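Under mature numbering (1 follows the signal peptide of the UniProt record, and there is no 0), residues -17 to -1, 1 to 290 are what the sequence shown spells out, in order. The C-beta atom is built at its ideal place from N, Cα and C for all residues, glycine as well. These numbers come from a predicted model, not from an experiment. Each remark here refers to the structure printed beneath this line.
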Amino acid sequence: MRVWIVFLLCLAGKALTAPAEEEPVVEEASRSVCVCVCVCVCVCDLEVGTNPVQVETGEFDEAIEVVEDVVAENPCLNHHCKKGKVCEVDDSNTPMCVCQDPSTCPTSAGEFEHVCGTDNKTYDSSCHFFASKCALEGTKKGHKLHLDYIGPCKYIAPCLDNELSEFPLRMRDWLKNVLVTLYERDEDHNLLTEKQKLKVKKIYENEKRLQAGEHSLDLLAHDFEKNYNMYIFPVHWQFGQLDQHPVDGYLSHTELAPLRAPLIPMEHCTTRFFEQCDADADKYIALEEWATCFGIKEQDIDKDLIF
Ligand SMILES: [Ca+2]
Ligand SMILES: [Ca+2]
């Protein structure tokens, strides 16, 4: 249970962002990449968005003039590239994105920065992974290669049928608790919108609410049956958190990554669970598929609950 709680705290701090592939590049400059491992270490990937020119800015006028010259001359400064690529200028000073040489990635500070690819190969960091994936661009191998999970590759036990059915019980309870925690902490942070707060308020104030803690699967199942209504919004809310690139009612492998990648090493049914969520096997998890996976009844699936 410990891992769930740790995971919760990281998410509550809005720090949980696993490396996702092919996200809109606009976001990359302003975002640091934080990853939670079971001891809850947050690693901020400073190379993303660190502007070397800004770092050089000093208190001397002369230095500032130099900085401005560089800004004017370097077309790469406002040219963003997706993960695994860096900007270079060609002969006519036009910026373009080229694959990053993995050897230029920052040296990883430890095992917690390692990631495991779907090729079952451990990469030093997500930077190394995406640079290596870029080098395979256009090939079948590259197309199939994804970041599987955070941490070095390890043996993950097969998920048995009975274990698979336990997964949504814990996950649902956890989602509800994440929302309640966000609600409790929201005073200063603006973690939830007003509309979301109203929804969570009802859950928070419900006296029948199962308090966060370690509960038996029987109790979780019983609570889901008895207090089913409390789970409808959390399941929709998590879908909305992930469905961002683009917001289209479908989760791609990339969109699911922030939830999936840190979870796999801790919950061995993660992969199988999300695979079977994609009922029509089109590689996308639609809202209907997602909600059904978490036991939400068809008549309660409502895209208007995502706001
Ligand atoms: Ca989407
Ligand atoms: Ca699908």
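Which stretch, first to last residue, makes up the beta strand (DSSP E) that contains residue 133?
Residues 130 to 133.
Measure the C-alpha to C-alpha separation of residue 99 and residue 234 and round it to an integer number of angstroms.
Their backbone Cα atoms lie some 21 Å apart in a straight line.
Answer yes if the segment 204 to 223 comes into contact with the segment 144 to 160, meaning at least three C-beta pairs across the two stretches below 8 Å, and no otherwise.
Touching, yes.
Based on the DSSP output, what are the partners of residue 238 in its beta bridges?
None; residue 238 has no bridge partner.
Measuring from the CB of residue 238, is there a heavy atom of ligand 1 at a distance below 7 Å?
At least one heavy atom of ligand 1 is nearer than 7 Å to the Cβ of residue 238, so yes.
Please report the residue range of the alpha helix (DSSP H) in which residue 151 lies.
Segment 144 to 172, the alpha helix (DSSP H) holding residue 151.
Does the contact criterion of 3 or more C-beta pairs under 8 Å hold for the segment 101 to 113 versus the segment 82 to 93?
Segments in contact, yes.
Can you tell me whether DSSP reads residue 71 as helix, strand or coil?
Of the three classes helix, strand and coil, the one that applies to residue 71 here is strand, per DSSP.
Do you know whose CA, among 290, 198 and 245, lies nearest residue 232's CA?
Out of 290, 198 and 245, 290 has the C-alpha closest to the C-alpha of residue 232.
How many angstroms separate the CA atom of residue 122 from the CA atom of residue 67?
Using only the alpha carbons, I get a separation of about 16 Å.
Going straight from the alpha carbon of residue 141 to that of residue 190, what length do you get?
Approximately 39 Å between the Cα atoms of the pair.
Find the nearest neighbour of residue 103 within the set 80, 133 and 93, judged by alpha-carbon distance.
When only C-alpha atoms are compared, the closest one is 133.
Taking its Cβ as the centre, do 16 or more other Cβ atoms sit within 10 Å of residue 179, making it buried, or is it exposed?
Looking at its Cβ environment, which holds 16 or more other Cβ atoms inside 10 Å, residue 179 is buried.
From this set, 118, 94 and 166, which residue's C-alpha is nearest residue 135's C-alpha?
Out of 118, 94 and 166, 94 has the C-alpha closest to the C-alpha of residue 135.
Could you check where the beta strand (DSSP E) with residue 78 kicks off and where it finishes?
Looking at the DSSP string, the run of the beta strand (DSSP E) that includes residue 78 is 78 to 82.
Ordered along the chain, which non-local residues of its own chain (more than five positions away) have a Cβ less than 7 Å from that of residue 227?
If we look at residue 227 and ignore the five residues flanking it on each side, its Cβ neighbours are 238.
Can you tell me which of the three DSSP states residue 269 falls into?
Correct three-state label for residue 269: strand.
Residue 114 and residue 144 look like a contact to me (Cβ under 8 Å); what is the Cβ gap, rounded to whole Å?
Not a contact, Cβ separation roughly 39 Å.
By the DSSP assignment, the beta strand (DSSP E) with residue 100 in it spans what residues?
Per DSSP, residue 100 belongs to the beta strand (DSSP E) from 98 to 100.
DSSP on residue 211, reduced to helix/strand/coil?
Coil.
Report buried or exposed for residue -11, applying the criterion of at least 16 other Cβ atoms within 10 angstroms of its Cβ.
In this prediction, residue -11 has a pLDDT of 41, which is less than 50 and means its spatial position is unreliable; what the coordinates show is noted afterwards. The residue in question, residue -11, is buried, as its Cβ has 16 or more Cβ neighbours within 10 Å.
Assuming the contact rule is C-beta atoms closer than 8 Å, residue 119 and residue 244 should be a hit. Round their C-beta distance to whole Å, please.
Their Cβ separation, rounded to whole angstroms, is 19 Å, which puts residue 119 and residue 244 out of contact at 8 Å.
Here's the rule I'm using: 16 or more other beta-carbon atoms within 10 Å means buried, otherwise exposed. How should residue 229 be labelled?
Per the 10 Å Cβ criterion, exposed.
Residue 106 bridges to which residues according to DSSP?
Residue 106 is bridged to 98.
Should residue 80 be flagged as near chain D, meaning a C-beta pair shorter than 8 Å?
Any reference to chain D falls outside this structure, which holds one protein chain only.
As a quick exercise: from 158, 117 and 220, pick the residue whose alpha carbon is nearest that of residue 194.
When only C-alpha atoms are compared, the closest one is 158.
Got a sec: does ligand 2 put a non-hydrogen atom nearer than 7 Å to the Cβ of residue 289?
For ligand 2, not one heavy atom lies less than 7 Å from the Cβ of residue 289.
What did DSSP end up calling residue 187 once you bin it into helix, strand or coil?
Helix.
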